[in-house]
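Residue numbers (this note's numbering): 636 to 917.
Heads up, the beta-carbon is just placed ideally off N, CA and C, and yes, glycines get one too.
Owing to the predicted nature of the structure, the values given are computational and were not obtained by experimental measurement.
Working notes, structure below.
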Amino acid sequence: MAMCEFAKPWYRSDVILRAEDRKFHVHKNTLGLWSPVFDSLIKARKTANEIIELPKKKAKEIYELLLVIYNLQTVNSQNIISFLKLAKEFEIEKVLYLCSSFLLEIEKPDLKCINFLLLAERYGLEDVKQQCFEIAASFSLSHLKTSEKFEELSMESKFHITEIMLMQEQAFVEDLKKKSFKLLQTVYLTGHEKFVTDMQPTVRRPFVYSCRKRPAHSALKENGRVLPRVYDLECSVCRATTENWARRKEQHYPMNKELYDATLMKEMFTLCHGQKDNKMTS
């Protein structure tokens with residue numbers, strides 16, 4: 636669409652805008668629906684023929700904005716900055732939305748997200764801000780600080796980035812503790828099985844492990860009946876039995892420590908058990 640098509644009356648145009656001595660023939664209802672500021676300017680005219688002056692505005696930018704308003708042009712990387720400025724000044728929410736949608740689709744490699752975040756801060760683009768927070772949080776804080784633009788971010792944005800970082804770190808730690816606890820269960824249970832095997836030659840009858848705290852063990856369903864577990868990792872006596880076995884084996888077979896380190900097992904249980912307790916009480 637050529638500039639001249641706004642330069643003269645067309646299809647019931649009923650108001651004129653002027654920027655840099657160029658006139659744009661447009662429609663009151665269209666501008667009023669898109670922009671409350673334009674609506675106020677139109678209503679403030681003293682006469683119906685009065686031209687609405689747009690001082691300090693570039694004719695080319697006003698023209699491109701009108702093309703978007705009349706659905707004849709889309710937002711692109713060449714016009715988005717001018718559109719953001721005009722949309723904010725004239726309170727054109729739909730243009731801000733179009734700009735936001737465009738920015739959300741743009742790739743933001745490495746620390747480019749900081750530049751986009753600054754842009755989103757300036758023009759209140761919440762969706763873009765949230766996207767940039769999440770991208771920025773995927774880097775280390777030391778890496779983010781290598782960007783010259785990082786210090787220009789607001790304290791609020793820095794807070795949101797670090798908050799997401801902490802949440803991600805917490806989720807990682809909780810997942811690691813959960814998986815570590817499962818692995819620890821395997822270590823204790825296989826250690827217990829080896830303890831039972833080692834005890835077998837020392838007694839005349841088949842050795843059967845029995846814990847004095849078994850009535851307090853967690854329940855296990857067997858053959859339709861609910862019975863306390865024979866060996867329960869939550870039981871301090873059961874754990875101590877396996878840990879003492881590991882210590883004795885280490886005295887005679889030092890290589891055994893590579894598989895069953897009693898001190899490390901005990902420390903890992905203490906570290907992981909907090910996560911286990913949280914899971915049980917949640």
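State the start and end residues of the unbroken alpha helix (DSSP H) segment that holds residue i.
i      : result
Lys764 : Glu761 to Ala771
Ile741 : Ile741 -> no alpha helix (DSSP H), and no H or E assigned at all.
Thr665 : Lys663 to Trp669
Lys784 : Premise fails: Lys784 is in no alpha helix (DSSP H) and is neither H nor E.
Ala679 : Unbroken run through Ala679: none, as it is neither H nor E.
Glu724 : Ile715 to Glu724
Going by Cα to Cα distance, which pick from the options is closest to residue i?
i      : options                           : result
Glu869 : Ser845, His795 and Ser853         : Ser853
Glu769 : Glu787, Lys784 and Lys747         : Lys747
Leu721 : Leu700, Gln713 and Phe737         : Leu700
Arg680 : Asp649, Lys780 and Leu739         : Asp649
Leu754 : Leu676, Ser792, His778 and Glu728 : Ser792
Lys783 : Phe774, Ile749 and His795         : The identity of residue 783 in the sequence shown is Glu, whereas the question assumes Lys. Comparing Cα-Cα distances from Glu783 to each of Phe774, Ile749 and His795, the minimum goes to Ile749.
Phe904 : Thr825, His887 and Leu818         : Leu818
Arg847 : Ser871, Gln713 and Leu666         : Ser871
Between the alpha carbons of residue i and residue j, how many angstroms are there, rounded?
i      : j      : result
Glu804 : Val831 : 40 Å
Phe807 : Asn711 : 38 Å
Glu878 : Gly859 : 32 Å
Lys743 : Leu702 : 28 Å
Cys873 : Leu801 : 36 Å
Ala694 : Gly759 : 25 Å
Asp833 : Ile796 : 55 Å
Gln708 : Phe816 : 58 Å
Ala897 : Arg882 : 6 Å
Val865 : Leu739 : 57 Å
Val661 : Lys723 : 20 Å
Under the three-state reduction of DSSP, which class applies to residue i: helix, strand or coil?
i      : result
Pro644 : coil
Lys658 : strand
Lys692 : coil
Ile697 : helix
Glu869 : coil
Cys639 : Because Cys639 carries a pLDDT of 47, less than 50, the predicted location of this residue cannot be relied on, and no value is offered for it.
Ile796 : helix
Val710 : coil
Leu752 : helix
Ile651 : strand
Ile687 : strand
3-residue-minimum beta strand (DSSP E) runs that sit fully inside the segment 832 to 892, ordered along the chain = As far as the segment 832 to 892 is concerned, its whole beta strand (DSSP E) runs of at least 3 residues are 854 to 857 and 860 to 863.
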